[in-house]
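Under this note's numbering, read the sequence shown as residues 457 to 788, first letter to last. Beta carbons: idealized from backbone N, C-alpha and C, even for Gly. Accompanying notes for the structure given below.
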Amino acid sequence: MMRTLDKYAAIFPVLVVYAVLFLLGLNMSGMWQLMATLLFYCALGQAFNIFLGMTGYVDFGYVAFVGMGTYGMAVTITSLAGTGLGGLTIIAGYIMALAFSGLLSLAVGAVALRLRGAYFAIATIGVNEGLRFLIEGTNLWGGSGGIIFTRQLNDILGKDASSALATFWADVLVLIIAVLAAITTIVYMRSKIGYALTALREDEDAAKVMGINVTMFKILAFMTSACFAGLLGATAWALKTPYVFPPEVFEIHYTIEAIIIVMLGGAGTLLGPVAGGLIYGIGKYVLSIVLPGFQLLIFAPLIIIIIVAFPDGVVGGIRNKFGHTALGRFIL
457 MMRTLDKYAA IFPVLVVYAV LFLLGLNMSG MWQLMATLLF YCALGQAFNI
507 FLGMTGYVDF GYVAFVGMGT YGMAVTITSL AGTGLGGLTI IAGYIMALAF
557 SGLLSLAVGA VALRLRGAYF AIATIGVNEG LRFLIEGTNL WGGSGGIIFT
607 RQLNDILGKD ASSALATFWA DVLVLIIAVL AAITTIVYMR SKIGYALTAL
657 REDEDAAKVM GINVTMFKIL AFMTSACFAG LLGATAWALK TPYVFPPEVF
707 EIHYTIEAII IVMLGGAGTL LGPVAGGLIY GIGKYVLSIV LPGFQLLIFA
757 PLIIIIIVAF PDGVVGGIRN KFGHTALGRF IL
């Protein structure tokens, strides 16, 4: 029992941070939206880190999976409205979001993950825009007009429940997704999956020689990360703002934010995406108040300074310093 607790001790700081954010938002007047935003950034970083952190591959088309999850929920709600399924429609929407994002990641990963480094990154750049133009050009799922499903959601849940879902429960679900992503990350890290991914991240050719099926493990990490992205899209977009427009759900800045968050906190660490999400979210919020209109001009060099000062990320730097101490087991 004690050995198991030691093995997974690093999950506790993550859970504590999430609990504090939730309680602050719940008990401090006017703080809920800020805490919800911070939780979203942490969840986005946690999901993205499963692939980037464990493999070292940078996916510039990551937001495509968020968009597909959003469409999965939207299509399900519009299709099942009026069937009398009630809350089961939302569960079906999550299943569809997982299917959409999972199938897309399987199709993309089967081809793109045979490439390495910059070649993989270049190959994924076109996924996001290509998918967006496919939807708009073929008039799929409403095409460029998107899908607005506020009325259908009201019919399914009722106006009061629908409003509560958008203003509170969707954020709680984002918290749950963040926790699940963190648990998945540490389970992978502490299993042969994590050892295989670490080996291929350090030296892919050597990992192959050792008999590791690197393609299989890369696809597993890729699909896992994509499925969490789909859940985030279905929750933080579809349920919170019941509409889908291709130019917005496929906006590449979500991918850029995910990369920044992971690099700030420390790629391949468990606590890193949480630290990165808090630094990025709080910095963006404070600068937008103190220096409105100039926040990006100031924030960009600040991020560069932090990354230069902590090349392994903030948590990576802390782990290098305190990893050999008693606190080391809590810093992963």
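Taking all protein chains in view, the Cβ of Lys696 is crowded by 16 or more other Cβ atoms within 10 Å, so the residue is classified as buried. CA-CA distance, Leu656 to Leu726, rounds to 19 angstroms. Rounded to whole angstroms, Tyr575 and Tyr518 show a C-alpha spacing of 16 angstroms. By the Cβ-count criterion, Lys674 is buried, with 16 or more other Cβ atoms from all chains shown falling within 10 Å of its own Cβ. The continuous alpha helix (DSSP H) containing Ala731 extends over residues 728 to 746. Secondary structure at Val514: coil, using DSSP grouped into helix, strand and coil. Taking the C-beta atoms as reference points, Gly721 is found nearer than 8 angstroms to Gly732. Bounds of the alpha helix (DSSP H) holding Ile467 are 467 to 483. Ranked by Cα distance from Ala466, the options Met645, Ile633, Leu490 are led by Met645.
In the structure shown, the three-state DSSP call for Tyr699 is strand.
Here Asp659 is exposed. Its C-beta has fewer than 16 other C-beta atoms within 10 Å.
Going by DSSP, Ile639 is part of the alpha helix (DSSP H) stretching over 626 to 645.
In this structure Val630 is in contact with Ala499, their Cβ atoms being roughly 5 angstroms apart against a cut-off of 8 angstroms. Between Ala537 and the set Gln608, Gly543, Tyr699, the nearest pair of CA atoms involves Gln608.
DSSP, read as helix, strand or coil, puts Ile787 in coil. Ranked by how close their Cα comes to the Cα of Ser600, the residues Pro702, Val718, Thr623, Ile639 have Pro702 in first place. Our two residues, Ile715 and Ala620, have alpha carbons roughly 31 angstroms apart in a direct line.
Residue range 573 to 593 is occupied by the alpha helix (DSSP H) that includes Arg588. Classified as buried, Met552 has 16 or more neighbouring CB atoms from the shown chains inside 10 Å of its CB. In this chain, Tyr464 is not harboured by any alpha helix (DSSP H), its DSSP state being neither H nor E. In the three-state DSSP reduction, Ile708 falls in the coil class, being neither helix nor strand. DSSP places Ile762 within a helical segment (H, G or I) once states are collapsed to three. Taking all protein chains in view, the Cβ of Arg572 is surrounded by fewer than 16 other Cβ atoms within 10 Å, so the residue is classified as exposed. DSSP places Ile754 in the helix class (H, G or I) of the three-state scheme. In chain order, Phe496, Ala499, Leu500, Ala503, Val522, Gly525, Val630, Ile633 place their CB closer than 8 angstroms to the CB of Leu688, counting only its own chain and leaving out the 5 sequence neighbours on each side.
Contact annotation: Met679 and Gly582 have beta-carbon atoms that are not nearer than 8 angstroms. Judged by beta-carbon spacing, Ala638 lies within the 8 angstroms limit of Val470, meaning their Cβ atoms are closer than that value. For Ile604, the three-state secondary structure derived from DSSP is strand. Nearest in C-alpha terms to Trp693, of all of Gly598, Leu541, Gly543, Tyr550, is Tyr550.
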